[in-house]
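Residue numbering for the sequence shown follows the UniProt record's numbering, starting at 1 and increasing by one per position.
Backbone N, C-alpha and C define an ideal beta-carbon position, used for all residues, glycine too.
These notes concern the structure reproduced below.
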Amino acid sequence: MPDYLALAARLIDQPDLYAALHLAASGGPLELADLLDHCTPQITARLTSVDQALLRAVLRAGAGQEAVEGASAIISHLNAADVAPVFLPEINTGPSIPLPTGGQRADMPAFSDPAFDIWFAAQGVPYGIGLYGENRTVYAAEQFADSASHERRTVHLGIDVFAPAGVAVHAPLAGTVRHLTYNADPLDYGHTLIVEHDGPVPFFTLYGHLGDSLPGLLAVGDKVTAGQVIAHLGDWHENGGWAPHLHFQIMTSMLEQNEGNFFGVGHAGLWNVWSQICPDPNLILRLNPARFAV
């Protein structure tokens, strides 16, 4: 039986409770509820204010288990799955450019700067690719922080595909519409679609920054087929305040996010956890590795 009282005492005054929980679980599996029962009111308040399924994933990873049970089976399933292209013409058949945000393209405006549209049009390519696993300093707002850690969520959990507003988005896999909502906070997703898919265990795909056509195309509970037009890229006024693009993401678990939104960036210090919750979207997009090379 773990010494939960001693483990809880180690959490006191820890600025990063995620890291502290990960370390605490290194001695063996822990039950979050039992640990919370032994925490001080201050630590309990910090921990209960964040996604409890995320905390359980941190504890599982700290104990050497899969952060999400079944994540590796989902990844294996996707590696073998037949997928339809999300965009037509297919990205792999024509020109595109990678769009890293770390200063490699010194003249590139930020994705949230209206000047980006003019810059991207001047590149003369139909698609731009934003990178998965990239640490992005743009995510400095309070919505990317929480009380469990001083570390903001800055590591991108999706792949971005930049193209003109109005371009059609196609379903890569059959599934069922789980959520369809408008996330209105600045720099959020705007119109957002989450589709649930069958696999070894259910998994999910997220499509963010969509256009106003979304509610007319789909409703919660609708079945979608691979290749079906499910949305169109949104413009600035409808997509959260970004240059037109699709944020595409895979989730092996919805955690406790049940309001039609999901984390689009994760903590760098928890990448071993986040990369299991949201594995590489290229498992589905199947873009040639050269598409990401700067």
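Check: List the endpoints of the continuous beta strand (DSSP E) containing A168.; Outcome: A168 to H170
Check: Using CA coordinates, which residue listed in I97, S149, S275 and L23 is at the minimum distance from T48?; Outcome: S149
Check: Would you kindly report the start and end of the unbroken beta strand (DSSP E) that includes N183?; Outcome: G175 to N183
Check: Below 7 Å CB to CB, which residues in the same chain sit around L35 once its five sequence neighbours on both sides are set aside?; Outcome: Y4, L7 and A8
Check: Taking the beta carbon of R56 as the centre, do at least 16 other beta carbons fall within 10 Å, making it buried, or is it exposed?; Outcome: buried
Check: Any Cβ of chain C within less than 9 Å of the Cβ of P289?; Outcome: This model lacks chain C altogether; it includes just one protein chain.
Check: What is the DSSP secondary structure of S197, counted as helix, strand or coil?; Outcome: Here residue 197 is His; the residue named in the question, Ser, does not match the sequence. In this structure, H197 counts as strand in the three-state DSSP scheme.
Check: What I want to know is whether the C-beta of P29 ends up closer than 8 Å to one or more non-hydrogen atoms of the ligand MN.; Outcome: With respect to small molecules bound, the structure shown includes none, and the ligand MN cannot be examined in it.
Check: Please report how far the alpha carbon of P279 lies from the alpha carbon of A115, in whole angstroms.; Outcome: 31 Å
Check: Does the distance from the C-beta atom of H170 to that of Y189 stay below 9 Å?; Outcome: no
Check: By the 10 Å Cβ neighbour count, where 16 or more other Cβ atoms means buried, how is D107 classified, buried or exposed?; Outcome: exposed
Check: Does the beta-carbon distance from D160 to F262 come in below 9 Å?; Outcome: no
Check: Going by DSSP, what residue range makes up the alpha helix (DSSP H) through residue 297?; Outcome: Residue 297 falls outside the range modelled here, since the chain spans only 1 to 294, and no answer is possible.
Check: Candidates L23, S275 and G227: which alpha carbon is nearest A63's?; Outcome: L23
Check: Measuring alpha carbon to alpha carbon, tell me which of V86, L88, I43 and F111 ends up nearest P98.; Outcome: F111
Check: Measure the C-alpha to C-alpha separation of V224 and I91 and round it to an integer number of angstroms.; Outcome: 22 Å
Check: I'd like to check one pair, Y132 with R153: are the Cβ atoms closer than 9 Å?; Outcome: no
Check: Is it buried or exposed for R10, if we count other Cβ within 10 angstroms and need 16 for buried?; Outcome: exposed
Check: Is it true that the CB of A268 sits closer than 9 Å to the CB of V155?; Outcome: yes
Check: Look at G175 and D198 and say whether their C-beta atoms are less than 9 Å apart.; Outcome: yes
Check: Can the beta-carbon of V177 be found less than 9 Å from the beta-carbon of V220?; Outcome: yes
Check: For E238, count the other beta carbons within 10 Å of its own beta carbon; 16 or more makes it buried, fewer makes it exposed. Which is it?; Outcome: buried
Check: Any idea if P172 is buried or exposed, counting beta-carbon neighbours within 10 angstroms, 16 or more meaning buried?; Outcome: buried
Check: Run the CB neighbour count on S96, radius 10 Å, all protein chains shown included, and call it buried at 16 or more, exposed below.; Outcome: buried
Check: Taking the alpha-carbon positions, what's the A243 to A163 distance?; Outcome: 9 Å
Check: Assuming G216 is part of the beta strand (DSSP E), what are its boundary residues?; Outcome: Run containing G216: none in the beta strand (DSSP E); it sits in the alpha helix (DSSP H), L214 to L217.
Check: Can you name the residues that DSSP bridges to Y207?; Outcome: L193 and F248
Check: How many Å lie between R46 and W274 at the Cα?; Outcome: 20 Å
Check: Thinking just about the alpha-carbon of each residue, which of F87, A19 and Q143 is nearest to the one in Q228?; Outcome: F87
Check: By a C-beta neighbour count over all protein chains shown, 10 Å radius and 16 as the cutoff for buried, is G234 buried or exposed?; Outcome: buried
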